[in-house]
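Novice: Per my numbering, residue 20 is the first one in the sequence shown, and the count goes up by one each step. Beta carbons: idealized from backbone N, C-alpha and C, even for Gly. Next up is a structure, given as structure tokens.
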Amino acid sequence: MSNSWQPYVDNNLVGSGSVSEAAIYGLDGGVWAKSKDYKHEDELFNAIKEGFEKEEVIRANGLRTGKDKYFTLATSSEELHFRCGAKGLFCAKTKHMIIFAFYPDTVQPGSASKALGAVTDYLKSVDF
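Laid out in structure tokens, this is it:
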């Protein structure tokens with residue numbers, strides 16, 4: 020895990036107050052940074068990576084992490100959005116990474132999306 024990526028998770032995502040857990044993965048599946056409470060397994064990364072490659076599969080099947088079943092709300096080549104009750108998950112893909120941003124049931128999805136979007140937009144602007 021690279022310390023240079025940790026501030027994006029701690030300050031910009033979880034620090035926004037809109038994201039409860041976050042992680043940054045390299046496209047190879049290596050964890051570059053994660054929040055201290057991030058507890059999701061490698062299978063989640065694999066499912067998300069496949070979801071970006073095969074949107075129709077993730078749209079049809081949704082996502083399972085732990086005991087939670089997430090339904091797919093939106094897919095594109097650069098962003099995925101899932102819900103499980105009132106909580107959810109946004110994932111964004113850049114040239115070199117996939118960023119995960121879980122939001123709790125007390126947060127409006129738009130707030131979490133805005134926090135993730137700000138990080139993603141910046142990283143894309145510096146060609147990352």
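Where does residue 20 sit, in a helix, a strand or coil, going by DSSP?
Specialist: With a pLDDT of only 45 at residue 20, under 50, the local geometry of the prediction cannot be trusted, and no value is derived from it.
Novice: What does the alpha-carbon distance come out to for the pair residue 38 and residue 76?
Specialist: 26 Å
Novice: If you follow the alpha helix (DSSP H) that residue 64 is in, where does it begin and where does it stop?
Specialist: 61–72
Novice: Along the chain, where does the beta strand (DSSP E) containing residue 87 start, and where does it finish?
Specialist: 87–94
Novice: So the candidates are 145, 105, 112, 74; which of them puts its Cα closest to the Cα of residue 42?
Specialist: Nearest in C-alpha terms to residue 42, of all of 145, 105, 112, 74, is 112.
Novice: Do you know offhand how far residue 105's Cα is from residue 58's?
Specialist: 19 Å
Novice: Which one of 22, 129, 50 has the shortest CA to CA distance from residue 100?
Specialist: Taking only the C-alpha atoms, the option nearest residue 100 is 129.
Novice: Here's the rule: buried if 16 or more other CB atoms are within 10 angstroms of the residue's CB, otherwise exposed. What is residue 95?
Specialist: exposed
Novice: Looking only at DSSP bridge pairs, what is residue 75 linked to?
Specialist: Note: residue 75 sits in no beta bridge, so no partner.
Novice: Select from 143, 114, 118 the residue whose C-alpha is nearest the C-alpha of residue 63.
Specialist: 118
Novice: What is the residue span of the beta strand (DSSP E) that residue 106 lies within?
Specialist: 106–112 is the span of the beta strand (DSSP E), which, as asked, contains residue 106.
Novice: If we count the other Cβ atoms within 10 Å of its Cβ and call it buried at 16 or more, is residue 145 buried or exposed?
Specialist: exposed
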